[in-house]
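Down below is the structure, laid out as C-alpha cells.
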Amino acid sequence: MRRQPVRVLIVGGGPTGAALALLLSQRGIPFILIEASRSLDRLFRGEALMPSGLAALEQIGGADLLDGLPQRPLAGWRFVLDGRELFRAAEPLTPGPACTLVSQPALLERLLERAADCPGCQVLRGTAAAGLLEQNGRIAGVRLADGQELRADLVLACDGRSSSLRRQAGLELQEQSSPLDLHWFQLPGASTTSAAPPLPQGDWFTTVVGPAGIFSLFTGATGVAQLAWVRPHRAEATDPRQHPQAAAPWPECWARQSPPELAAWLRKGSVHATAPVPLAVRVGLAPLWHRPGLLLLGDAAHPMSPVRAQGINMGLRDALAAANHLIPLLAEGAQPATSQLDAALATIAAERLPEIQTLQTLQRQEAERGMLLQGQPWLRALLLAGAPLLAPALRHHWIEQQRPLRQGVTTLNLLESLRLLESWAPAMMQRPARAE
Ligand SMILES: Cc1cc2nc3c(=O)[nH]c(=O)nc-3n(C[C@H](O)[C@H](O)[C@H](O)COP(=O)(O)OP(=O)(O)OC[C@H]3O[C@@H](n4cnc5c(N)ncnc54)[C@H](O)[C@@H]3O)c2cc1C
Numbered sequence: 020m021r022r023q024p025v026r027v028l029i030v031g032g033g034p035t036g037a038a039l040a041l042l043l044s045q046r047g048i049p050f051i052l053i054e055a056s057r058s059l060d061r062l063f064r065g066e067a068l069m070p071s072g073l074a075a076l077e078q079i080g081g082a083d084l085l086d087g088l089p090q091r092p093l094a095g096w097r098f099v100l101d102g103r104e105l106f107r108a109a110e111p112l113t114p115g116p117a118c119t120l121v122s123q124p125a126l127l128e129r130l131l132e133r134a135a136d137c138p139g140c141q142v143l144r145g146t147a148a149a150g151l152l153e154q155n156g157r158i159a160g161v162r163l164a165d166g167q168e169l170r171a172d173l174v175l176a177c178d179g180r181s182s183s184l185r186r187q188a189g190l191e192l193q194e195q196s197s198p199l200d201l202h203w204f205q206l207p208g209a210s211t212t213s214a215a216p217p218l219p220q221g222d223w224f225t226t227v228v229g230p231a232g233i234f235s236l237f238t239g240a241t242g243v244a245q246l247a248w249v250r251p252h253r254a255e256a257t258d259p260r261q262h263p264q265a266a267a268p269w270p271e272c273w274a275r276q277s278p279p280e281l282a283a284w285l286r287k288g289s290v291h292a293t294a295p296v297p298l299a300v301r302v303g304l305a306p307l308w309h310r311p312g313l314l315l316l317g318d319a320a321h322p323m324s325p326v327r328a329q330g331i332n333m334g335l336r337d338a339l340a341a342a343n344h345l346i347p348l349l350a351e352g353a354q355p356a357t358s359q360l361d362a363a364l365a366t367i368a369a370e371r372l373p374e375i376q377t378l379q380t381l382q383r384q385e386a387e388r389g390m391l392l393q394g395q396p397w398l399r400a401l402l403l404a405g406a407p408l409l410a411p412a413l414r415h416h417w418i419e420q421q422r423p424l425r426q427g428v429t430t431l432n433l434l435e436s437l438r439l440l441e442s443w444a445p446a447m448m449q450r451p452a453r454a455e
C-alpha cells in the first residue's frame, strides 16, 4: 500500500494539459505542470470551440471562465462553388450555443493562472521534458534538458501531436494519410477592430471551392480575418501559385472564384495577406495510450485534423474523462496502490477511444468530399444547376452530419461527486503543499 501522496506531473500546457491542471487544482490536488514555451502566444493555435468544447469548459472552469476573453460566436457556415453560394446554415445549427472562436493564448493564460492558484500546484513555463525516467518497469518521472529529474507517480503526457514522451515510451502512433495540408494567412488589413472595412460576410465561416482550389475565410477571435488555403497533402506542384501562368497575388487568386461582394472586397487595396504559413496536417491515433505510470492525452494520443475544429474540444473532453477517474484516487486521504492508478489509465483510454475514432473518420470524410468536389468541375456545375431545388436538402443533410462533430459521440460530464469536491476545496487548500 502507498503511504506518500501521489505525485502528479503534467507535461504540456496546451488546452488538454491546462484544463486537466485546473480540474486538479480546484479540488486541492497538487501537481507540477511543465510547459516548454515561455509564451503561449504562438501563431495559429486553433480557436473554434464547438458546443461540446464549450460545455466541457463550463464544467472545467465554471460559467465565468470565458468572461472578458477575446471571442466571437460564428454567425454560421456558408458554402460557395465557383463564385455562387450553394447554401448557408445559421448558428446555432443544433440546440445549444453557437460555435465560438475564442483566443487560445488568452484561454490558456486564464486556465493556467487559475490552476496555479492552489498550494502545491506549480506551473513551470519554459521547462521541457527531455526524457522519461523509469523504475521497476514503471514510468517514474521525466528528465529535464538541464539534467534535473522530476520524479512522479503519474506522468500525464499532454505534449501535443509530435509528443516526444509518446515516442520515448515506445507507444506507437498510427498515422492516417491526410487528404489535405494548409497554407494559413492572416489578413490584418481586414481587421474589424481597425478603420479598415470588415469582411463583407460578417462572422460567417465561408468555404469557397473553385478551379484553383479550396479556401475558408472567417474573422478570428481577435477580429483579424484569417484564411486557410487547402492544398492536397504534400502536393506542392498542384499549388496554383507554383504555376508560372498563375502569378496573381493571393487576394486576386481567391477573388476569381469568390461571390461578387467578396471578390470586390478582396480586390480592395486595403486588403493584404501575410505570407502564408505552411501547415502540414498530421492526423493519427495511438492504439495504446498508456504504460504503467504514463498516460497520453489530447493530440499526444490522437493528433486531430483541423477540419471542423475538433482538437481542442477533444483535448478538453479527454481532460474531463481523466479527472473523473483520477481525482477520486488522488483526493486527500486516498491511498491508491500503483496498480489502481494504472488500471484507471487504461479505463480512461478505453472510454475516450471510440469517440476519437468516430470523429477522425467523420473529419476525413468531410475533407475527402471537399477534395472530390474541387477535382470535379462537372459535379460543382451539377450541384449549382440543381441548387434551387437541392439546396434545402443539402443543407439539412449537412447539418445532420455535423451533429456528432458538434456534440461529441459519448455523454461525458464531470462526476457529481467531483463537483461537490470542488466546493470543499477552499478548506482543503489550507493544508501545506505536498508536491515537491
Ligand atoms: C491549423 C490548425 C487549426 C486548428 N484549429 C482548430 C480549431 O479551430 N479548433 C479545434 O478544436 N482544434 C483546432 N486544431 C487542432 C488543435 O489545435 C489541437 O488538436 C489542440 O491544440 C490539441 O491540444 P493539446 O493540448 O493536446 O496539444 P497542444 O495544443 O499541441 O499543446 C501541447 C503543449 O505541450 C508543449 N510541449 C510539447 N513538448 C513538450 C515537452 N517535451 N515538455 C514540455 N512541454 C511540451 C507545447 O509547447 C504545447 O504548448 C487546429 C489545428 C491546426 C493545425
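For the sequence shown, the positions run 20 to 455 when my numbering is used. We treat Cβ as the ideally placed atom computed from N, Cα and C, and that holds for glycine.
Does DSSP put leucine 316 in a helix, in a strand, or in coil?
Within the sequence shown, residue 316 is the residue found at index 297, counting from 1. Three-state result, leucine 316: coil.
So, with DSSP's three-state summary, where would you put alanine 410?
As a working note, residue 410 is residue 391 in the sequence shown. Looking at alanine 410 - three-state DSSP - the assignment turns out to be helix.
Could you give the C-beta distance for valine 428 and threonine 377, rounded to a whole number, given that I count them as a contact under 8 Å?
Translated into positions along the sequence shown, residue 428 becomes position 409. Translated into positions along the sequence shown, residue 377 becomes position 358. About 5 Å separates the two Cβ atoms, so the contact holds.
My guess is that glutamine 123 and glutamate 66 are in contact by the Cβ rule of under 8 Å, so how many angstroms apart are they, rounded?
Sequence index remark: in the sequence shown, residue 123 carries index 104 (1-based). Sequence index remark: in the sequence shown, residue 66 carries index 47 (1-based). That pair is a contact at about 5 Å.
Based on the DSSP secondary-structure assignment, which residues constitute the bridge partners of phenylalanine 237?
Translated into the one-based positions of the sequence shown, residue 237 becomes position 218. Looking at the DSSP assignment, phenylalanine 237 forms a beta bridge with Gln245.
May I ask you to check if the CB of serine 197 is nearer than 7 Å to at least one heavy atom of ligand 1?
Here residue 197 refers to the residue found at position 178 when the sequence shown is read from its first residue. It does not: the Cβ of serine 197 is nowhere closer than 7 Å to a heavy atom of ligand 1.
Within a Cβ cutoff of 8 Å, which residues of the same chain sit near proline 251, ignoring the five residues on either side of it in sequence?
Here residue 251 refers to the residue found at position 232 when the sequence shown is read from its first residue. Once the five neighbours on either side are set aside, the close Cβ partners of proline 251 are Pro198, Leu199, Asp200, Thr257, Met390.
Find the nearest neighbour of histidine 321 within the set Arg327, Leu313, Gly312, Ile331, judged by alpha-carbon distance.
For the purposes of this step, residue 321 is taken as residue 302 along the sequence shown, with counting starting at 1. The shortest Cα separation from histidine 321 among Arg327, Leu313, Gly312, Ile331 belongs to Ile331.
Can you tell me whether asparagine 432 is buried or exposed, with buried defined as 16 or more other CB within 10 angstroms of its CB?
The residue labelled residue 432 in the question sits at position 413 within the sequence shown. So asparagine 432 ends up on the exposed side.
Give a single yes or no on whether aspartate 178 has its beta carbon closer than 7 Å to a heavy atom of ligand 1.
Within the sequence shown, residue 178 is the residue found at index 159, counting from 1. Answer for aspartate 178: yes, Cβ within range of ligand 1.
Count the other CB atoms, across all protein chains shown, that sit within 10 Å of the CB of proline 270; report buried if there are 16 or more and exposed otherwise.
One-based indexing of the sequence shown puts residue 270 at position 251. Per the 10 Å Cβ criterion, buried.
Closer than 7 Å to a non-hydrogen atom of ligand 1 - does that hold for the CB of tryptophan 248?
Taking the first residue of the sequence shown as 1, we reach residue 248 at position 229. The answer is no for tryptophan 248.
Name, in chain order, the residues that DSSP records as bridge partners for glutamine 426.
As a working note, residue 426 is residue 407 in the sequence shown. Bridge partners of glutamine 426: none, in fact.
Please determine, among Trp203, Ile346, Ala350, Ala386, the residue with the shortest C-alpha to C-alpha distance to proline 297.
Locating residue 297 in the sequence shown gives position 278, where the first residue counts as 1. Closest by alpha carbon: Trp203.
Local conformation of proline 251 per DSSP, three classes:
For the purposes of this step, residue 251 is taken as residue 232 along the sequence shown, with counting starting at 1. Secondary structure at proline 251: strand, using DSSP grouped into helix, strand and coil.
For serine 44, which residues in the same chain have their Cβ closer than 6 Å to its Cβ, ignoring the five residues on either side in sequence?
Here residue 44 refers to the residue found at position 25 when the sequence shown is read from its first residue. Contacts found: Ala134, Cys137, Cys140.
Where alanine 265 and leucine 126 are concerned, what is the direct C-alpha to C-alpha distance, given to the nearest angstrom?
Working through the sequence shown from its first residue, we reach residue 265 at position 246. Working through the sequence shown from its first residue, we reach residue 126 at position 107. Low confidence applies to alanine 265: its pLDDT is 49, below 50, so where it sits in the model is not reliable, and the reading given next is rough at best. Approximately 40 Å, taken between the alpha carbons.
Runs of alpha helix (DSSP H) wholly within the stretch 116-150 (minimum 4 residues, chain order)
123-134
Segment contact, 8 Å Cβ cut-off, at least three pairs: the stretch 106-124 with the stretch 234-243:
yes
Bridge partners for threonine 225 per DSSP, in chain order?
Here residue 225 corresponds to residue number 206 of the sequence shown, with the count starting at 1. DSSP lists Arg97, Leu236 as partners of threonine 225.
Cβ of alanine 147 within 8 Å of Cβ of valine 27?
Sequence index remark: in the sequence shown, residue 147 carries index 128 (1-based). Sequence index remark: in the sequence shown, residue 27 carries index 8 (1-based). Contact flag unset, no.
So within the stretch 274-353, which uninterrupted alpha helix (DSSP H) runs reach at least 4 residues, ignoring any that extend past its ends?
The qualifying runs are 279-285, 330-349.
Straight-line gap, aspartate 361 to alanine 353 (C-alpha atoms, nearest Å):
Sequence index remark: in the sequence shown, residue 361 carries index 342 (1-based). Sequence index remark: in the sequence shown, residue 353 carries index 334 (1-based). Straight-line Cα distance between these residues: approximately 15 Å.
Quick one: give me the first and last residue of the beta strand (DSSP E) that alanine 109 is part of.
One-based indexing of the sequence shown puts residue 109 at position 90. Its beta strand (DSSP E) spans residues 103-109.
Using a 10 Å radius around the Cβ and a threshold of 16 neighbouring Cβ atoms, would you call alanine 214 buried or exposed?
As a first step, residue 214 must be located in the sequence shown, where it is residue number 195. Caution applies to alanine 214, whose pLDDT of 48 falls short of 50 and renders its modelled position unreliable; the model cannot decide the point.
Classification of histidine 309 by the beta-carbon crowding that lies within 10 angstroms, buried from 16 upward
Stepping through the sequence shown from its first residue, residue 309 is reached at position 290. Buried, by the Cβ-count rule.
Looking only at its chain, what residues have a beta carbon closer than 6 Å to the beta carbon of glutamine 205, apart from the 5 residues adjacent to it on each side?
Position 186 of the sequence shown, counted from the first residue, corresponds to residue 205. Only Val243, Gln245, Thr293 meet the Cβ criterion.
Going by the beta-carbon positions, is the gap between leucine 424 and leucine 381 smaller than 8 Å?
Walking along the sequence shown from the start, residue 424 turns up at place 405. Walking along the sequence shown from the start, residue 381 turns up at place 362. Result yes, Cβ atoms of leucine 424 and leucine 381 sit closer than 8 Å.
So what does tryptophan 203 bridge to, in DSSP terms?
Reading the sequence shown from its first residue, position 184 is the one you call residue 203. Under DSSP, tryptophan 203 takes part in a beta bridge, and its partners are Ala247, Val296.
DSSP on glutamate 66, reduced to helix/strand/coil?
Taking the first residue of the sequence shown as 1, we reach residue 66 at position 47. In this structure, glutamate 66 counts as coil in the three-state DSSP scheme.
Coarse secondary structure for leucine 41, derived from DSSP in three states
To locate residue 41, count along the sequence shown from 1; it is residue 22. Correct three-state label for leucine 41: helix.
Taking the C-alpha atoms as reference points, what is the distance between glutamate 435 and proline 70?
Stepping through the sequence shown from its first residue, residue 435 is reached at position 416. Stepping through the sequence shown from its first residue, residue 70 is reached at position 51. The alpha-carbon atoms of glutamate 435 and proline 70 are separated by roughly 21 Å.
Do we get a CB-CB distance below 8 Å when we pair proline 219 with the residues of chain D?
Structure shown: chain D not included; a single protein chain is present.
Rounded to whole angstroms, what's the CA-CA distance from histidine 291 to proline 396? Just pull it up for me.
As a working note, residue 291 is residue 272 in the sequence shown. As a working note, residue 396 is residue 377 in the sequence shown. Each residue's alpha carbon lies about 29 Å from the other.
Sorted by chain position, which residues of the same chain lie with C-beta nearer than 8 Å to leucine 93's C-beta, five sequence neighbours on each side aside?
By one-based count along the sequence shown, residue 93 stands at place 74. Cβ within range, chain order: Ala67, Glu110, Ala117, Cys118, Thr119, Leu120, Asp222, Trp223, Phe224, Phe237.
At a cut of 8 Å, does the stretch 304-319 reach the stretch 187-197 through at least three beta carbon pairs?
Touching, yes, given that three or more Cβ pairs across the two stretches are closer than 8 Å.
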